[in-house]
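Chains as they are written, first to last, in my numbering: chain L, 804 to 1219; chain R, 68 to 249.
Taking it in order: structure first as structure tokens, then the write-up.
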């Protein structure tokens, strides 16, 4: 009996760490939390938006049952209000104007009338308030000892199509509340952060005589030409240290994957198939995952960076045309229907090189352009459904997904 | 072609930096000159958000030569779903275009623009557009057009001629367009 219990516990522990296994959590097992607004004098619109952002972020954390009612209280009151007393936790905040035009946000988290954490956030511009909401959520998550949510504070960069042959590259937060258009006009696509600091990004300009890859420095506003290629040129992935790039290039009309060293400026061709090889992604064991039509339809394959054979990674789906990799995990886009026009749903699926499980992550619409977070436990993606383009977030361990619609335009590509 | 670069003032690139304890010294997030200071008016931990931003507007030179008259005589070549092979009907169009490129348009280069329908914004779709352009290029070379005169670009799904949600519309978008360059 003890032996069987041991096997059960080991299996449970193993499955808890395997992201391809779906974990069902009941909402009623979460602690309850209410949010008290203690703002005394601040712009109403910004204040209301901030409350919405806080509620949204608390929900995305997936640690609490979040009460959506807007409670009011005094910031310095030692106890919670009568209305919020029944909640396990109370998050109280106050927006105010500080010195030198700074905006301040005071925040405290209460539990049984005790202050569990308190912090002040300061920023120079009102449109950055949403990032304070993300930072508060990040800090509370950290204090609760949950898995890190670094991605909440990271910037998202995307290209959106605004008209045929026209696009904009936009920097935003993950909820699209904050948006700043960084490149307007012409056709610029496939933005990709140059490193984890997010001070620069690569993008493809299709407005020149030849597709050109640029690196844009956000601090100086200057751009550097990295490479050109007839036909197509995409920066598909950047290594963790920012030194190596996986590029899709087609110098002779043949799309193949190249490894590009940003210091030596040397490139090495990694694939030589005469069909389509694209979308290279760095993965574990010095390997890349990529999309190829070498079996007559697009599917996911892998190969070592230093040569060797090509290995098929996915045995499900009739058309698997995009992927992202993190260590042993690969998330890919798969067409669910054999008919290209009827119920032509594209869903995201997750596999691991360590198991045979396949986990479907989405259910409706066209879900594409998946991108793992740095820690690998969250996936960013694009969803197009009923004329609406949205940014999606999938939290693998929590088995939850969230959508943030784009008001204007259609998302082309995305990175974070 | 000419780029117009407009770098506008300060505001958006976010710098997020936090301090883990109220007494710790806080290092700037980067070298942008933004100094992060704790708020001394409170005992709580302080985090500052600040930054700068950049806007780049790109466009084409107004003096760029247009060759629409000749280009209007070059018909587009269309393809089946997820395919880049050329049908016999489309081969006739390519042959006709090749004759024009070798005669009236002989002083110009040809840019082949590969396009796809809206089913996917991923790299594979761009590669499919490129394979279509490359199939047309190979055919033109067989027709006697010099390879040096031909360049290619794939726009994937980003340059549709029809935006309706119909099969007929999607079929119009699976195409290669011919553009002339001075």
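Just so you know, even glycine gets a beta-carbon here, dropped at the ideal spot from N, CA and C.
Source: prediction; values computed, not measured.
Go ahead and label residue 173 of chain R buried or exposed: buried means 16 or more other beta carbons lie within 10 angstroms of its beta carbon, across all protein chains shown.
Locating residue 173 of chain R in the second chain gives position 106, where the first residue counts as 1. Exposed.
So what does DSSP say about residue 1195 of chain L, is it helix, strand or coil?
As a position in the first chain, residue 1195 of chain L is number 392, starting the count at 1. If DSSP states are grouped into helix, strand and coil, residue 1195 of chain L belongs with the strands.
Work out the CA separation of residue 1170 of chain L and residue 152 of chain R for me, nearest whole Å.
Numbered from 1 along the second chain, position 85 holds the residue referred to as residue 152 of chain R. Numbered from 1 along the first chain, position 367 holds the residue referred to as residue 1170 of chain L. Answer to the nearest angstrom: the Cα atoms are 28 Å apart.
Assuming residue 207 of chain R is part of the alpha helix (DSSP H), what are its boundary residues?
Walking along the second chain from the start, residue 207 of chain R turns up at place 140. From DSSP, the alpha helix (DSSP H) with residue 207 of chain R extends over 190-209.
From residue 215 of chain R to residue 1069 of chain L, what does the alpha carbon distance come to, in whole angstroms?
Here residue 215 of chain R corresponds to residue number 148 of the second chain, with the count starting at 1. Here residue 1069 of chain L corresponds to residue number 266 of the first chain, with the count starting at 1. Roughly 25 Å separates the two Cα atoms.
Determine the burial state of residue 937 of chain L: buried for a count of at least 16 other Cβ atoms within 10 Å of its Cβ, exposed for fewer.
If you number the first chain from 1, residue 937 of chain L lands on position 134. Answer is buried; the Cβ neighbour count reaches 16.
In terms of residues, what are the limits of the beta strand (DSSP E) holding residue 1013 of chain L?
Translated into the one-based positions of the first chain, residue 1013 of chain L becomes position 210. Unbroken run through residue 1013 of chain L: none, as it is neither H nor E.
Would residue 1165 of chain L be called buried (16 or more neighbouring beta carbons within 10 Å of its own) or exposed?
One-based indexing of the first chain puts residue 1165 of chain L at position 362. Buried is the call here.
With a cut-off of 8 Å, does the C-beta of residue 1086 of chain L fall near any C-beta of chain R?
Sequence index remark: in the first chain, residue 1086 of chain L carries index 283 (1-based). No, no contact with chain R.
Excluding the 5 residues preceding and the 5 following residue 1065 of chain L in the sequence, name in chain order all residues of the same chain whose CB lies nearer than 6 Å to its CB.
Within the first chain, the letter at position 262 stands for residue 1065 of chain L. Counting only Cβ-Cβ distances below 6 Å, and skipping sequence neighbours, we find 1046.
Relative to the C-alpha of residue 933 of chain L, which residue among L/1138, L/1036, L/850, L/843 is closest?
Counting from one through the first chain, the residue named residue 933 of chain L turns up at place 130. Per the Cα distances, L/850.
What are the partner residues of residue 970 of chain L, as DSSP defines its beta bridges?
One-based indexing of the first chain puts residue 970 of chain L at position 167. DSSP lists L/964 as partners of residue 970 of chain L.
Measure from the C-beta of residue 247 of chain R to each C-beta in chain L and report whether the shortest distance is under 8 Å.
Locating residue 247 of chain R in the second chain gives position 180, where the first residue counts as 1. With 8 Å as the cut-off, residue 247 of chain R does not count as an interface residue toward chain L.
Pick out whichever of L/917, L/924, L/914, L/887 has its Cα sitting closest to the Cα of residue 897 of chain L.
As a working mapping, residue 897 of chain L is identified with position 94 in the first chain. The residue with the shortest Cα to Cα distance from residue 897 of chain L is L/924.
Just checking my contact of residue 907 of chain L with residue 901 of chain L at CB under 8 Å: how many whole Å lie between their CB atoms?
Position 104 of the first chain, counting from 1, holds the residue named residue 907 of chain L. Position 98 of the first chain, counting from 1, holds the residue named residue 901 of chain L. At roughly 4 Å, the Cβ-Cβ gap stays under 8 Å, so residue 907 of chain L and residue 901 of chain L are in contact.
With DSSP as the reference, please indicate the residues paired to residue 899 of chain L in a beta bridge.
Counting from one through the first chain, the residue named residue 899 of chain L turns up at place 96. In DSSP, residue 899 of chain L forms a bridge with L/907.
Judging by CA-CA distance, which residue of L/1059, L/885, L/863 is the nearest neighbour of residue 1035 of chain L?
As a first step, residue 1035 of chain L must be located in the first chain, where it is residue number 232. Residue 1035 of chain L has its Cα closest to that of L/1059, out of L/1059, L/885, L/863.
Along chain L, in chain order, which residues have C-beta atoms closer than 7 Å to that of residue 219 of chain R?
What you label residue 219 of chain R is simply residue 152 of the second chain in a count that begins at 1. Under the 7 Å cutoff, chain L gives 1033, 1034, 1056.
With DSSP run on the structure shown, which of helix, strand or coil describes residue 808 of chain L?
Looking up residue 808 of chain L in the first chain gives position 5. Model confidence at residue 808 of chain L stands at a pLDDT of 44, short of 50, so the residue's coordinates are unreliable and nothing is read from them.
Count the other C-beta atoms from every protein chain shown that fall within 10 angstroms of the C-beta of residue 1098 of chain L, then say buried if there are 16 or more, exposed otherwise.
Taking the first chain and counting its residues from 1, the one referred to as residue 1098 of chain L is at position 295. So residue 1098 of chain L counts as exposed.
Going along chain L, which residues have a C-beta under 8 Å from residue 200 of chain R?
Indexing the second chain from 1 puts residue 200 of chain R at position 133. 1034, 1056, listed in chain order.
Are three or more beta carbon pairs between the segment 1179-1189 of chain L and the segment 962-971 of chain L nearer than 8 Å?
Segments in contact, no.
Between the beta-carbon of residue 941 of chain L and the beta-carbon of residue 912 of chain L, is there less than 8 Å?
As a working note, residue 941 of chain L is residue 138 in the first chain. As a working note, residue 912 of chain L is residue 109 in the first chain. Not closer than 8 Å, so no.
Compare the C-beta of residue 944 of chain L with all C-beta atoms of chain R and state if any pair is closer than 8 Å.
As a position in the first chain, residue 944 of chain L is number 141, starting the count at 1. Judged by the 8 Å Cβ criterion, residue 944 of chain L is not in contact with chain R.
If the cut-off is 9 Å on Cβ atoms, which residues from the segment 220-231 of chain R count as contacting chain L, listed in chain order?
Residues passing the 9 Å Cβ filter: 220, 221, 222, 223, 224, 225, 226, 227, 228, 230.
Quick one: grab the DSSP three-state call for residue 1162 of chain L.
Within the first chain, residue 1162 of chain L is the residue found at index 359, counting from 1. It is a strand residue.
Just the Cα atoms here: how many angstroms apart are residue 1192 of chain L and residue 200 of chain R?
Along the first chain, one-based indexing puts residue 1192 of chain L at 389. Along the second chain, one-based indexing puts residue 200 of chain R at 133. Answer to the nearest angstrom: the Cα atoms are 28 Å apart.
Given that a residue counts as buried once 16 or more other Cβ atoms are within 10 Å of its Cβ, and exposed if not, what is residue 918 of chain L?
The residue you call residue 918 of chain L lines up with position 115 of the first chain. The residue in question, residue 918 of chain L, is exposed, as its Cβ has fewer than 16 Cβ neighbours within 10 Å.
Hey, could you find the ends of the alpha helix (DSSP H) residue 985 of chain L is sitting in?
Walking along the first chain from the start, residue 985 of chain L turns up at place 182. Not the alpha helix (DSSP H): residue 985 of chain L falls in the beta strand (DSSP E), residues 982-987.
Cβ of residue 839 of chain L less than 8 Å from any chain R Cβ?
Mapped onto the first chain, residue 839 of chain L falls at position 36. No, its Cβ sits nowhere closer than 8 Å to a Cβ of chain R.
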